[in-house]
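Heads up, the thing below is written out as structure tokens.
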Amino acid sequence: MVNGESSHRSDEVDPLFNPETVDSSAEYSESEDHSNEYGDTNSEIVNLLNNEGLEYVMEHTIEVVANTKEKLKNQKQVLVHDESDTALEDEEEEDDEISHTWYKQVQDKFKHKPWYARPTVGAILFIIILRVLCTTLLMTPTVGLLSTKLCDKYAFDKSDVTPLGHVGIIDRKRCDMKAVQKEQSNITSWVTLINSVVGISLCGKYGEFSDRLGRVFVLKLVGFIGMIHTFLMLVAFHPSRPYQKWFAMLAMTSDITGGILTLISVGNSYISDIIPPSEGTLAVYISLLMSIVYASLGLGPLISSYLITLLRRSSSISSLKSNQSNGSQNGGQIKVSIRDRLYIWLHMTVIEAVEPIGKLWISRTATGSLIPRINTILLIVIDTLFCSSTSGFIPVLLLYCIAVYDWTSVELGYFISIGGIGKSFILLFMPLLVGFLKKRLNYKVIPNGVDNMDKLLLNTSMVFLIASSLVIIIFKKYDKSLYSAAILQALSAVLSPTIQSCVLKYNSKKIAGQ
1 MVNGESSHRS
11 DEVDPLFNPE
21 TVDSSAEYSE
31 SEDHSNEYGD
41 TNSEIVNLLN
51 NEGLEYVMEH
61 TIEVVANTKE
71 KLKNQKQVLV
81 HDESDTALED
91 EEEEDDEISH
101 TWYKQVQDKF
111 KHKPWYARPT
121 VGAILFIIIL
131 RVLCTTLLMT
141 PTVGLLSTKL
151 CDKYAFDKSD
161 VTPLGHVGII
171 DRKRCDMKAV
181 QKEQSNITSW
191 VTLINSVVGI
201 SLCGKYGEFS
211 DRLGRVFVLK
221 LVGFIGMIHT
231 FLMLVAFHPS
241 RPYQKWFAML
251 AMTSDITGGI
261 LTLISVGNSY
271 ISDIIPPSEG
281 TLAVYISLLM
291 SIVYASLGLG
301 PLISSYLITL
311 LRRSSSISSL
321 KSNQSNGSQN
331 GGQIKVSIRD
341 RLYIWLHMTV
351 IEAVEPIGKL
361 WISRTATGSL
371 IPRINTILLI
381 VIDTLFCSST
391 SGFIPVLLLY
401 CIAVYDWTSV
411 ELGYFISIGG
421 IGKSFILLFM
431 PLLVGFLKKR
441 LNYKVIPNGV
451 DNMDKLLLNT
461 SMVFLIASSL
471 VIIIFKKYDK
481 SLYSAAILQA
491 LSAVLSPTIQ
501 SCVLKYNSKK
511 IAGQ
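Counted from 1, the sequence shown has number 371 at position 371 by the UniProt record's numbering; the numbering is strictly sequential.
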């Protein structure tokens with residue numbers, strides 16, 4: 001029975017654990033997986049072995065092996081591409097998390113402080129307005145004070161010095177105006193060049209300092225350097241101080257803060273720190289900042305001119321009152337009604353402010369021609385469009401660079417400074433270029449109209465301006481194209497001076513300042 005049972009068990013177990021059965025099933029499974037991975041490769045080889053000759057078999061075997069390697073290579077590339085996409089997504093998520101964490105830390109740091117000590121967009125805009133106004137308020141007086149100093153230097157009578165009450169008012173008869181204009185043009189060119197070089201060199205550094213030491217630290221540093229600059233300007237152009245060229249240039253270039261570029265970069269960084277990324281309003285606030293900057297740039301010289309005019313008129317009115325008091329002592333007294341006072345105020349503030357615009361409406365010539373009037377109006381329109389196209393697109397372009405190219409304050413500062421320093425170089429060497437072209441092309445100068453040299457400069461500038469816009473549009477995928485566009489736009493810098501020169505030709509020299 002035992003033998004029988006054992007034999008029976010052997011009969012039952014042997015079929016299940018037959019090695020041949022296991023091997024065959026394993027081979028079948030392996031061949032099935034192999035067939036699933038490489039398709040019908042094995043069946044193709046078997047058919048070739050059965051039906052074709054040896055040379056034909058070897059040739060097609062090599063082809064099949066090459067195809068198999070290509071499939072494996074494609075599969076590997078797909079895996080690598082998927083891994084790279086996953087890595088980029090993880091990096092973007094990490095950046096978003098860092099931005100959100102930074103915003104929360106800033107909010108937690110200042111949430112227990114009073115409202116006036118918290119960082120807000122209004123606070124940074126107010127600071128930038130004050131700083132830009134302080135810079136632009138000095139522009140107009142600096143030109144007049146420098147002219148006065150130079151007029152004292154080139155005076156025909158060296159004992160004839162400008163009195164304190166007439167600083168900024170030039171008597172053209174007492175000095176050599178050609179020498180004054182030449183010296184002033186030379187100083188202005190060098191100051192513009194130095195300021196541009198300093199701006200492109202230090203703007204990136206100030207952006208780096210703001211990242212390392214804080215935005216407020218950089219704003220304090222800019223304010224402190226601005227105070228030193230103002231003090232040096234007061235000393236250099238004080239009426240009691242004799243004119244010194246190098247000290248005047250030192251005072252005019254002492255504002256080593258990177259200028260408006262630093263304020264824009266620090267302001268953008270400041271706003272990005274206090275605005276949550278989830279709101280998506282960063283572009284709106286940056287656009288608002290740029291609008292404030294350009295408004296302050298235009299408002300500063302206007303306020304300066306108004307203050308200078310107001311102070312001069314107040315001195316004139318005070319002298320008029322003294323004359324009236326002297327007349328009253330002699331028995332006569334002048335009474336001015338409220339209506340007359342209102343008319344005088346309106347005439348002195350509003351009418352005189354817009355009166356120079358009427359000078360552009362040139363009268364007919366002796367032959368009845370309207371060409372001077374039409375050309376003047378067209379030139380003014382072209383100059384207005386040129387200034388709008390070269391400055392109005394910057395806020396939008398900066399937002400585009402931040403959104404598409406991920407530019408920081410450093411790259412933005414370099415881009416803006418390239419245009420500034422390029423324009424400075426072009427305007428600095430413009431007289432040499434014009435003189436060379438006149439000799440080379442034998443162009444005749446027309447003193448009372450647009451000549452061929454003016455047309456050449458206008459057309460060339462327009463070509464460069466259009467080319468700069470086309471470079472930005474066509475090569476918008478490459479951030480380096482913006483630097484090329486800035487250089488091309490700098491080459492069009494001669495457009496505005498040429499237009500102003502042409503307008504002066506059509507108008508009387510007595511109203512050139514207006």
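Yeah, the Cβ is synthetic: ideal placement off N, Cα and C, and Gly gets one too.
- Taking the Cα positions, residue 104 is about 13 Å away from residue 119.
- DSSP lists 175 as the beta-bridge partner residues of residue 155.
- Looking from the CA of residue 425, the closest CA among 472, 368, 489 belongs to 489.
- Here the C-alpha atom of residue 260 lies approximately 12 Å from the C-alpha atom of residue 198.
- In this model, residue 480 and residue 272 are separated by some 24 Å (Cα to Cα).
- Between the stretch 231 to 243 and the stretch 202 to 221 there are fewer than three C-beta pairs closer than 8 Å, too few to call the two in contact.
- Put simply, the backbone Cα of residue 506 is about 29 Å away from that of residue 299.
- CA-CA distance, residue 239 to residue 152, rounds to 10 Å.
- Between residue 226 and residue 130, the alpha-carbon positions lie close to 11 Å from each other.
- Counting only residues of its own chain and dropping the five nearest sequence neighbours on each side, residue 405 has a CB closer than 6 Å to the CB of 479.
- For residue 109, the three-state secondary structure derived from DSSP is helix.
- Within the model, the alpha-carbon separation for residue 255 versus residue 476 is close to 35 Å.
- The alpha-carbon of residue 370 is positioned some 43 Å away from that of residue 415.
- Ranked by Cα distance from residue 400, the options 482, 437, 145, 213 are led by 482.
- Counting along the chain, residue 248 sits inside the alpha helix (DSSP H) bounded by residues 245 to 252.
- The continuous alpha helix (DSSP H) containing residue 490 extends over residues 480 to 490.
- Annotation for residue 238: no alpha helix (DSSP H) segment contains it, and DSSP assigns it neither H nor E.
- Here residue 375 has 449, 450, 502, 506 as same chain residues with Cβ atoms under 8 Å from its own Cβ, once five neighbours each way along the sequence are excluded.
- In the displayed model, residue 475 falls within coil according to three-state DSSP, outside both helix and strand.
- Secondary structure of residue 363 (DSSP, three-state): coil.
- Counting every other CB atom within 10 Å of its CB across the protein chains shown gives residue 486 a total of 16 or more, marking it as buried.
- Of all alpha-carbon atoms in 407, 267, 453, the one lying nearest the alpha-carbon of residue 499 is that of 453.
- Rounded to whole angstroms, the gap between the alpha carbons of residue 194 and residue 363 is 43 Å.
- Its Cα nearest to that of residue 217, the residue 266 stands out among 231, 266, 496, 196.
- Within the model, the alpha-carbon separation for residue 303 versus residue 384 is close to 21 Å.
- Burial is judged here by how many other beta carbons sit within 10 angstroms of a residue's own beta carbon; residue 418 has at least 16 and is buried.
- The three-state reading of DSSP puts residue 368 in coil, since its state is none of H, G, I, E or B.
- Leaving aside the five residues that flank residue 365 on each side, the residues in its chain whose CB is nearer than 7 Å to its CB run, in chain order, 372.
- Within a 10 Å sphere around the beta-carbon of residue 135 sit 16 or more other beta-carbons, which makes this residue buried.
- By the CB criterion at 9 Å, residue 263 and residue 473 fall outside the cutoff.
- Residue 223 and residue 382 have their alpha carbons spaced roughly 38 Å apart.
- Classified as buried, residue 398 has 16 or more neighbouring CB atoms from the shown chains inside 10 Å of its CB.
- In chain order, 492 place their CB closer than 6 Å to the CB of residue 465, counting only its own chain and leaving out the 5 sequence neighbours on each side.
- In the three-state reduction of the DSSP assignment, residue 224 falls in the helix class.
- In the DSSP assignment, residue 273 falls within the alpha helix (DSSP H) that extends over 260 to 274.
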